[in-house]
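K.L.:
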Amino acid sequence: MQKFDYSLDFKAIDFRQHPELYRIGRGEQGVLLVEPYKSEILPDWKFKTPEIAHQSADKIYSLFLRYKTQDDFVGMDMARKFLQMGYTRSRRYANHKSGHKYAAGSKTVLPREEDPIKAQSARIFYEKWQLAKTDPEYLQLAARHRKQYEGSEIAAAKSPGLAHDDRSFEQRL
Numbered sequence: 001m002q003k004f005d006y007s008l009d010f011k012a013i014d015f016r017q018h019p020e021l022y023r024i025g026r027g028e029q030g031v032l033l034v035e036p037y038k039s040e041i042l043p044d045w046k047f048k049t050p051e052i053a054h055q056s057a058d059k060i061y062s063l064f065l066r067y068k069t070q071d072d073f074v075g076m077d078m079a080r081k082f083l084q085m086g087y088t089r090s091r092r093y094a095n096h097k098s099g100h101k102y103a104a105g106s107k108t109v110l111p112r113e114e115d116p117i118k119a120q121s122a123r124i125f126y127e128k129w130q131l132a133k134t135d136p137e138y139l140q141l142a143a144r145h146r147k148q149y150e151g152s153e154i155a156a157a158k159s160p161g162l163a164h165d166d167r168s169f170e171q172r173l
């Protein structure tokens, strides 16, 4: 698995037009960077109450399914990441009402204050996240994407002006 490439000029790249530049990475990496998907999904990403979380998770999962019908793996993966982030952020607030796990300026973990409402929101996102990440077509497209685009950095290096790296193509190899 290749690491998520944070060196790209995300403001200049339309990943729908350039899926070869997208790296799956780990977990939620890049979820707030990859356009146009961030702008399509983020407005629906909410978890304040279980009702809101349910609407949000349903909407994001429906986007996942729409991207699936379009054979758009990057969109599917971004929807999966938003569902995962809905779960992890809801869990964070379920465990720590302030949303802060650590005391300011230290690595000391704050005591847990269980919030059952946020825990329920987390469960809602978790169910949709599991559906997305285990979807057979998603898994097949992820394997294809890794084989086609993540096996080599040549595709990214050949895309002029899309990376912050000012070196020439040959220097980047």
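Mapping to UniProt numbering: the sequence shown position 87 is 87, numbers consecutive.
Glycine included, each C-beta is placed from N, C-alpha and C at the ideal position.
All figures in this text were calculated on a predicted structure; none of them were measured in a lab.
(1) Check this for me: beta carbons of phenylalanine 125 and alanine 57, under 8 Å apart or not?
(2) Anyone know if the C-beta pair for serine 106 and threonine 49 falls short of 8 Å?
(3) To the nearest angstrom, how far is it from the Cα of glutamine 2 to the Cα of glutamine 17?
(4) Consult DSSP for valine 74 and reduce its assignment to one of helix, strand or coil.
(5) Would you mind sorting glutamate 114 into buried or exposed? The rule is 16 or more other CB atoms within 10 Å of its CB.
(6) From this set, Gly27, Glu51, Gln140 and Lys59, which residue's C-alpha is nearest leucine 42's C-alpha?
(7) Which whole-angstrom value describes the C-beta separation of tyrosine 37 and glycine 75, a residue pair presumed to lie in contact below a C-beta threshold of 8 Å?
(8) With distance defined between alpha-carbon atoms, name the residue in Val31, Tyr22, Phe47 and Arg26 nearest to alanine 94.
(9) Could you check which residue in Ser7, Gly25 and Phe10 has the C-alpha nearest to that of tyrosine 149?
(10) Report the CB separation of valine 31 from phenylalanine 15 in whole angstroms; it is logged as a contact under 8 Å.
(11) DSSP has valine 34 in a bridge; who is on the other side?
(12) Assuming tyrosine 67 and lysine 128 form a contact by the criterion Cβ under 8 Å, report the distance between their Cβ atoms to the nearest whole angstrom.
(13) What does DSSP give as the partner residues of tyrosine 22 in its beta bridges?
P.N.:
Let's see:
(1) yes
(2) no
(3) 21 Å
(4) helix
(5) exposed
(6) Lys59
(7) 6 Å
(8) Phe47
(9) Gly25
(10) Not a contact, Cβ separation roughly 12 Å.
(11) Valine 34 pairs with nothing; no bridge assigned.
(12) Between lysine 128 and tyrosine 67 the Cβ distance is about 14 Å, and since that is not below 8 Å, they are no contact.
(13) Paired residues: none, contrary to the question.
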